[in-house]
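Heads up: the structure comes next, in structure tokens.
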Amino acid sequence: MTAATLERTGKDLRTIGLVGGGHFFSHFYLLALPPLFPILHAELGTSYTALGGLMSAYALAAGIGLMPVGFVVDRHGAAWPLIAGLTLLSGSVALMTFADSYWALLGLSFVAGLGNSVFHPADYAILNARVPERRLGRAFAAHTFSGYLGFAAAPLVTVALAEALGWRAALGLCGLAGLLMAAVLLAQRTWLDDNGHETARAAKAAAREESVLANLSRVLTPGLILLFGFFLVNAMTTMGIQAQSISSLIALYDLTLGDAKYGLTLFLIAAAAGVVAGGIATDKTDRYDLLTGAAFLTAAAGLGAIGLLHLPYGAVLGVMAMAGFLVGAMIPTRDMMVRAFAPPGAIGKVYGLMSVGIEVGAVAAPLIMGWFVDHAMPEGVFLACGVFLVGSFAASQIAARRIRDRSAEGGPA
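Heads up: the sequence shown at position 384 corresponds to 382 in the working numbering, and the numbers run straight through without jumps.
As structure tokens, this is what we get:
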């Protein structure tokens, strides 16, 4: 390996690390509250459906912000929106320390969601602009891996801090950690510049010249609309598990909060490992239909078994880990499918659109799953997630077939 190659690799890793650091907190904060739902339910006297509404408010705000952020990123750059978004998100979580009612938590959750709207449009724009194509698949995998590390860390950290210091101090400390990360991004912002190449500057200039409707028409293609549906139903699964799996396992298997949290933690740790394995598999084959088919159907069967069969505790943990691994393994495949359909110069808008699908699913899933728990049907959480995985399977099969047909014919998606 030459000195120039080593230097190029170091620069790429620095950018990937900074982007991944922010993305870690994006996912961490998404799961900062759900592990505390049993505590909040007891202290505030709030139903699980209403507590699920905190996540829905977060997701709704993020969904509102995603497309506008995508336009800003494509026209003006990604670094400053990313720094501002992480600051707003972290600050909102820190202020939850002072929340004196459910409604205060709801308002802060909405503001936090606005901050969260920056990550996918900004992150993917930075990675596409700064990382060479030969490393882009691994950069996507590292980006997703950092998010799943945030998911996996959140239940352990928030529950441990809440048990030791109380839920208010737990959220305050978590918010301060994110503000420190925002300060790091501010100090290192030159490594987040996505305007460094002439082609990138030209694309942004062209985007500024186009009308909003013209910009939208470039991304509302049949292939991307199909992938929007894929992102939506896939998010229904992951957000359903994240929002109410702990409460459901407590009700279904008579577990303590401490024991139940390991089911979600293993799901998320295994998902992070699955992202790495999925990135390797995706680089070796373009048969996305085979990858997604095997993964989604197997995971659906496993989650259904948790809901229908009274499995031993060890088996529950094993199935949660298996399902998480398979769901995580499909994320690099998902991102490569999006890239195959994305028009040139529209990365921010395309990933903004896909992330709207995620947020729509994230709005609906916590409310649906909370309804199951409130009505003494905790098995419904796992059965519904299995059904959503079957929907992910169907959408991914059609999208993969369209990609193969487009490659064979050389036509548009």
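Glycine is no exception: its CB is placed at the ideal position from the N, C-alpha and C atoms.
Close Cβ partners of residue i (< 6 angstroms) along its chain, the five nearest in sequence each way excluded
i	result
Leu247	Leu253, Ala258, Gly261
Gly50	Ala241, Pro364, Leu365, Gly368
Ala340	Val348
Val361	Ser54, Ala57, Leu58
Ser99	none
Ser45	Asp372
Phe370	Gly378, Val379
Pro410	Residue confidence for Pro410 is low, a pLDDT of 49 falling below 50, so the modelled location carries little weight; the figure read from the coordinates is stated next. The answer is none, since no qualifying residue turns up.
Leu177	Ser88
Thr142	Val273, Ile329
Ala167	none
Residue i - containing alpha helix (DSSP H), residue span
i	result
Val231	220 to 251
Val314	311 to 327
Ile173	The residue asked about is misnamed: residue 173 is Gly in this sequence, not Ile. Note, Gly173: alpha helix (DSSP H), 165 to 185.
Thr44	Element bounds for Thr44: n/a, residue is neither H nor E.
Val361	345 to 372
From the options, residue whose alpha carbon lies closest to that of residue i
i	options	result
Leu306	Thr331, Met375, Phe294	Met375
Ser144	Ala268, Phe370, Asp372	Ala268
Pro330	Arg133, Thr95, Leu29, Ala92	Arg133
Tyr251	Ile81, His74, Ile304	Ile304
Phe26	Thr156, Val336, Ala398	Thr156
Phe294	Phe35, Leu11, Val231	Val231
Gly256	Leu218, Tyr311, Leu351	Tyr311
Ala180	Arg399, Thr85, Phe22	Thr85
Leu28	Ala48, Ala110, Leu163	Ala110
Ser243	Phe22, Leu324, Leu381	Leu381
Val336	Leu309, Cys383, Phe229, Gly276	Phe229
Ser245	Glu131, Pro32, Gly18	Pro32
Ala48	Ala344, Ser90, Ser107, Thr142	Ser107
Ala279	Ala249, Arg332, His39	Arg332
His308	Leu163, Gly18, Ala249, Thr296	Ala249
Glu131	Met334, Gly389, Val388	Met334
CB contact flag (residue i, residue j, <7 angstroms)
i	j	result
Gly359	Ala233	yes
Val87	Gly113	Correcting the residue type first, residue 87 is Leu in the shown sequence and not Val. Against a cut-off of 7 angstroms, the Cβ pair of Gly113 and Leu87 comes out as a contact.
Gly355	Phe226	yes
Ala92	Leu174	yes
Ala137	Val129	yes
Gly300	Ala321	yes
Leu147	Ala338	no
Ala327	Gly272	yes
Thr235	Phe386	yes
Leu224	Ala397	yes
Met94	Leu34	no
Asp72	Gly346	yes
Ala152	Ala298	no
Asp192	Ala82	no
Gly277	Gly135	yes
Close beta carbons around residue i, own chain, < 8 angstroms, minus the five adjacent residues each side
i	result
Leu16	Val182, Leu183, Gln186, Trp189, Leu190
Leu104	Gly51, Leu52, Ala55
Thr197	Confidence is the limiting factor: at Thr197 the pLDDT is only 47, short of 50, which leaves the residue's position unreliable, though a coordinate-based value still follows. Excluding positions up to five away in sequence, the list is empty.
Leu64	Ser115, His118, Pro119, Gly350, Leu351, Ser353, Val354, Glu357
Thr13	Ile124, Leu125, Arg128, Val129, Trp189, Leu190
Ser24	Leu84, Leu87, Asn114, Phe117, Gly145, Gly148
Phe323	Ala268, Ala269, Ala271, Gly272, Ala275
Val314	Leu247, Tyr251, Gly261, Ile304
Val388	Phe294, Leu295, Ala298
Spatial neighbours of residue i in its chain, beta-carbon cut-off 7 angstroms, leaving aside the 5 residues before and after
i	result
Ile37	Ala160, Trp165
Met318	Gly261, Leu264, Phe265
Gly291	Phe391, Gln395
Ala200	Bear in mind that a pLDDT of 48 at Ala200, under 50, signals an unreliable position, so the model cannot answer this.
Pro79	Val67, Val70, Val71, Val116, Ala120
Phe22	Ser144, Gly145, Leu147, Gly148
Ala393	Leu224, Gly227, Phe228, Val231
Val171	The displayed chain sequence assigns Leu, not Val, to residue 171. Counting only Cβ-Cβ distances below 7 angstroms, and skipping sequence neighbours, we find Leu159.
Leu11	none
Asp39	Before going on, a small fix: residue 39 reads as His here, not Asp. If we look at His39 and ignore the five residues flanking it on each side, its Cβ neighbours are Tyr46, Leu49.
Gly18	Ala140, His141, Ser144
Thr296	Leu324
Worksheet item: Taking only runs of the alpha helix (DSSP H) that begin and end inside the region 70 to 127, which ones reach a length of at least 4 residues, in chain order?
Response: 77 to 93, 100 to 114
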